[in-house]
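Be aware that the sequence shown starts at 25, since it is given in this note's numbering, and climbs by one per residue.
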Amino acid sequence: MQHVRAREILAMLEKQIFPASHFELQLLWQFYRPKPWSMDHTLPFLKMPHPLQGRYQERFLNQPATVQFFFFAPAYVFSYSSRGSCPAQGNRLLDRWLDPVFDEGCVHGSHMALWCTIRTFSKHAIELGNQQPPSPVFFVKPNNCIQRTGQIPVSSHIGEVHHEIECVLRLNQQFEPEAIAVGLDLTDRLVQSELRSEQLPWTKGKCFKSSAYIGGFRDWHGSFEDLVSEESGFKLNLWVNNTLVQSAWLSEMTITPRAQIEELKTWAPIAAGDYLFTGTPSGVGQLHPNDSIYATLEDREGTIFSSIETRCK
């Protein structure tokens, strides 16, 4: 029965997730067969490079042994152990299984909101010729703007799609952070500018399909102050076609996440599970078909907490 189940998982991996070579399937089968219910299959995760180990190890080991065995081990084998490996795809699989918010493309809660704060980095406000507001200003994206995996549909969008990397927080019942991720607030800059010039709401420039691309969330229960601390804070990096185009520590924010949430709490119907997009640094720019995208949220030690690796189509 155990071997039957393992074969079912192999079939799923081969047909539904990504093509696997005969060599990879044989490698995975050998990996399973000797002691299918031992803990030996956890060892490869303990040998991962340090950033990946920090990203997956604790949550992986907290899963039941059967879940580790049938779902996480194959992702590791295909991603890091074979000559046909695909690390980016494997990371997306691991993020999906480990992240309680996303399950086969579904999002946490049917009524969650994405609260997005504008001009929180003064240099970004300056580069667009805007004044920084004296208090936080927000817009809201519906949750069906979220894209979790796959390529960014640039060519099918009529207009100019611009990148804005941000730190995304998932809020708990006390409206404190419970998880963090890197995100891309994709913006149709041309439409936004036209609507703004007519003093009209610029929803069309912000809330189109796939305009909220979010990397894997990582559980994090620090304070809003910890996010921007010069000792323990985080850094955003975005590479387009291997060129670093946006890079900033969250400590450079002039409208802090704490100020953002305190303002929201005075009037907004925020709820547990909502997301807070905390604003983008300078360096925003237009995306084009075939552009490669790599975005990271890392700590002071260089450990990557969340990442996005994709292309534009």
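Heads up, the beta-carbon is just placed ideally off N, CA and C, and yes, glycines get one too. Model, not experiment: these values are computed from the prediction.
Item	Value
Buried versus exposed call for Cys336 [16 or more other C-beta atoms within 10 Å across all chains shown]	buried
CB contact flag (Thr278, Phe145, <9 Å)	yes
The segment 210-219 touching the segment 312-321, judged by at least three CB pairs closer than 8 Å	no
Separation of Trp273 from Gln198, as counted between CA atoms	26 Å
Where the alpha helix (DSSP H) containing Gln284 begins and where it ends	Pro281 to Trp291
Neighbourhood of Ser306 by C-beta distance below 8 Å, restricted to the same chain and skipping five residues each side	Phe145, Lys147, His148, Ile150, Glu151, Gln270 and Ala272
Rounded separation between Cys169 and Lys233 - CA only	5 Å
Of the listed residues Asp209, Thr267, Val185 and Pro160, nearest to Pro281 (C-alpha basis)	Pro160
Distance, Leu321 Cα to Trp291 Cα	29 Å
Cβ shell of Gln154 (< 8 Å), same chain only, five flanking positions each side left out	The amino acid at residue 154 is misidentified as Gln; the sequence shows Asn. Correct list, in chain order: Arg143.
Residues bridged to Ser330 [DSSP beta-bridge criterion]	Leu321
Simplified DSSP assignment, three categories, for Ile150	helix
6 Å Cβ shell around Asp243 - same chain, five flanking residues per side excluded	Ala203
Alpha-carbon spacing of Thr327 relative to Ile238, whole angstroms	18 Å
Whole beta strand (DSSP E) elements within the segment 209-269, 3-residue minimum	236-238 and 258-264
Pairwise C-alpha distance: Gly207 and Gln175	14 Å
Gln171 - partner residues in DSSP beta bridges	Tyr237
Residue from Ser247, Thr267, Gln156 and Ser275 with nearest C-alpha to Arg324	Ser275
Alpha-carbon spacing of Asn167 relative to Pro201, whole angstroms	18 Å
Contact under 9 Å by Cβ, Trp263 with Ala319	yes
Contact set for Glu249: own chain, Cβ-Cβ below 7 Å, skip 5 residues either direction	Arg282
From Glu254, Glu255, Glu190 and Leu300, residue whose alpha carbon lies closest to that of Asn196	Leu300
Endpoints, the beta strand (DSSP E) within which Pro166 is located	Phe162 to Pro166
Minimum C-alpha distance to Ile182 - residue among Val308, Arg213, Glu188 and Thr173	Arg213
CB contact flag (Thr188, Thr304, <9 Å)	Before going further, note that residue 188 is Glu rather than Thr in the sequence given. Contact: yes.
Distance CB(Arg231)-CB(Thr302) smaller than 9 Å	The identity of residue 231 in the sequence shown is Cys, whereas the question assumes Arg. Cβ distance not < 9 Å, so Cys231 and Thr302 don't count as in contact.
Backbone CA spacing between Ser253 and Lys228 [nearest angstrom]	35 Å
Nearest neighbour of Leu210, chosen from Pro293, Ile294, Ser331 and Cys140 [CA to CA]	Cys140
Contact with chain E by Gly153, beta-carbon distance below 9 Å	The displayed structure is made up of one protein chain only, and chain E is not part of it.
Residues that Glu190 bridges to, as DSSP identifies them	Gly207
Where Leu300 falls: helix, strand or coil (DSSP)	strand
Pairwise C-alpha distance: Leu193 and Asp298	8 Å
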